Amino acid sequence: MEKAVQYRDFLQQVISEHFLDSSVYEGKNILFVGDGDSLVERIDLLQSLQQTFTGRVKHMDMVRLFNPVHKDSQGRLDEAEFPSDMLFDAIIVLDGWEKAWNPCRAAEKIDAALCPGGVVVLIARIPDDGLMPNVCLYQDRWRYEPEDLCHLFPGYEVKYTMTSNPSFLGGCILQKNSHKSVADCFVEQGEPALLYYVTGKRERPKAVMEQGYFLSGRGLDDIGIRCHTDKCSLSNGYLDKYEMFLRPFQQKAFRLLELGVFTGCSMQLWKEYFSRAEIYGVDINPECRQFEQERVHILTADLGNASALRILRDIHPSIIIDDASHLWSHQIMAMCELYSSLPSGGIYIMEDLATSLNTYMLPGYSDYPMDAYTFCERVARVTASRCPCPSDTSLASIITEIGMSTELVSILMGSCIFIKR
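Okay, here's the thing in structure tokens:
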């Protein structure tokens, strides 16, 4: 929460009269882009800015980037649709640079929406910011010094550059003076080399578009972004990895069971991706039944109750995904009760293991002597060694049973995937 407050304070500093002259926006057209959703506590920066500028501008518009809570939000900065019916005198970009596929395309879109003489305000995380306490930030593709943001807008006059104190955000204010478009400048000069956060090297965006093992499998992730699930690469970053395991099921008729429904986004995701599957979602909140539709079945149950879990075996799922409470005891109990219901080749995914690994920032989940990740680790050891789990825990027998019946264990950031023998 501390960093979230610092983010807001830095934004207020950047748009203050000291840096952003009121003549830039008074009685003029202004556009806000971003969301601030990558913060620990979601502070609705767009709403805050709207209140700040209400009554002072002629017209105000917003492009809300990905937010699983706001269904009107869009995806990445470089893929968002900007208003096409007017040019803006000022554009304030709160975030989105870090997760863009190609930041140069984002700059071209912003430039095309800005009128001559207009001002753009840019904010992004700097390379050496110290990891903000939020695991979704690890999915960032780019990081920027303030000068890098300036290089994305060749021909613009640099009015100010600044860095937050403590140092984790950079910003700049630029004015559009050139009659040549940013796109034309990139054609003539080439794209600037930016810090590609994935490798820690400076790269030109076009050169890295196909780097990385999982970048070719974007189908499931693209649906996830459209469905606003936090499993997508703009939040937890699971789906591009999942697709390698789930693709063989895509055209099959089978049953998928997901523990935890919440806003129903995952239900829609699985329905779209698995065209012949029956999707079962389970949640303790009876209001989640509103997400029922053709091929999507919603059950109400307390997933902290072993008896309720045993009943779910009768679904006979081929894929089970645990995205429920994330309490250690619930995650362990669910796998102990449900894993045996999978067929050979079935898949079990335990999500959000950050509650086991990042307890300093996610307190309140440690309700059992063994954390859920250690449980997964013990299962993986049995699978790899084909030796029983040491009897130093009351769970040794079930860990051995699961491990011996597992063919593959895959650990990725925040999740663990098991494939049944």
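Counting along the sequence shown from 1, when you hit position 351 you're at 332 in the working numbering, and nothing is skipped either side.
Even for Gly, the Cβ is constructed at its ideal location relative to N, Cα and C.
Values in this document were obtained by computation on a predicted structure and should not be read as measured data.
Nearest Cα to Asp70 within the set Asp53, Phe230, Val100: Val100. Counting only runs of 4+ residues, the alpha helix (DSSP H) found wholly inside the segment 358 to 400 occupies 377 to 385, in chain order. Pairing Ser256 with Val14, the inter-Cα distance amounts to about 34 Å. Per DSSP, Gln55 lies in no alpha helix (DSSP H) and is assigned neither H nor E. Each residue's CA atom was taken as its position, placing Asp352 and Ala305 some 15 Å apart.
Residue state for Phe226 is assigned as helix, using DSSP reduced to three classes. DSSP, read as helix, strand or coil, puts His40 in strand. Counting of Cβ neighbours within 10 angstroms places Glu172 among the buried residues, the total reaching 16 or more. The way I'd put it, the segment 47 to 61 does touch the segment 79 to 94; three or more beta-carbon pairs between them come closer than 8 Å. Under the DSSP assignment, Ile206 falls outside any beta strand (DSSP E), being part of the alpha helix (DSSP H) whose first and last residues are 200 to 208. Between Met225 and Leu393, the alpha-carbon positions lie close to 13 Å from each other. Under the DSSP assignment, Phe34 falls outside any beta strand (DSSP E), being part of the alpha helix (DSSP H) whose first and last residues are 26 to 34. Annotation: Lys140 is outside any alpha helix (DSSP H); the continuous beta strand (DSSP E) that includes it extends over 137 to 144. For the 8 Å CB-CB criterion, Cys397 and Gly384 do not form a contact. Look at the segment 257 to 314 and you find these whole runs of beta strand (DSSP E), each 3 residues long or longer: 259 to 264, 277 to 281, 300 to 303. Around the CB of Thr364, 16 or more other CB atoms lie within 10 Å, so the residue is classed as buried. Cβ atoms of Ile330 and Asp303 come within 8 Å of each other, at about 7 Å.
Lys182 sits in a strand when the DSSP states are folded into three classes. Separation of Leu343 and Leu389 (C-alpha to C-alpha, rounded to the nearest whole angstrom) is 29 Å.
The beta-bridge partner set that DSSP reports for Asn83 is empty. For Cys96, the secondary structure class from DSSP, reduced to helix, strand or coil, is strand. Less than 8 Å divides the Cβ of Ala287 from the Cβ of Met314. Rounded to whole angstroms, the gap between the alpha carbons of Trp309 and Pro64 is 46 Å.
Of the residues assessed, Cys368 falls on the exposed side of the cut-off, its CB having fewer than 16 other CB atoms within 10 angstroms.
In this structure, the CA atom of Cys131 is about 7 Å from the CA atom of Val139. Annotated three-state conformation of Arg(-11) is helix, per DSSP.
With respect to the 8 Å criterion, Thr210 and Leu250 are classified as neighbours on the basis of their beta carbons. Minimum Cα-Cα distance from Val38 among the listed residues Ile(-4), Lys9, Arg402, Cys85 corresponds to Lys9.
Considering only Asp221, Asp42, Gln192, the residue with the shortest C-alpha distance to Arg199 is Asp221.
Relative to the Cα of Leu176, the nearest Cα in the group Phe167, Val189, Phe47 belongs to Val189.
When the Cα atoms are used, Phe399 and Gly193 turn out to be separated by approximately 23 Å. Rounded to whole angstroms, Leu30 and Ala93 show a C-alpha spacing of 23 Å. With a contact defined as Cβ atoms closer than 8 Å, Cys213 and Gly245 miss out at about 15 Å.
Straight across, the Cα-Cα distance linking Phe34 with Pro108 is about 31 Å. Annotation for Leu130: the continuous alpha helix (DSSP H) segment containing it runs 127 to 132. Cβ atoms of Leu284 and Val263 come within 8 Å of each other, at about 6 Å.
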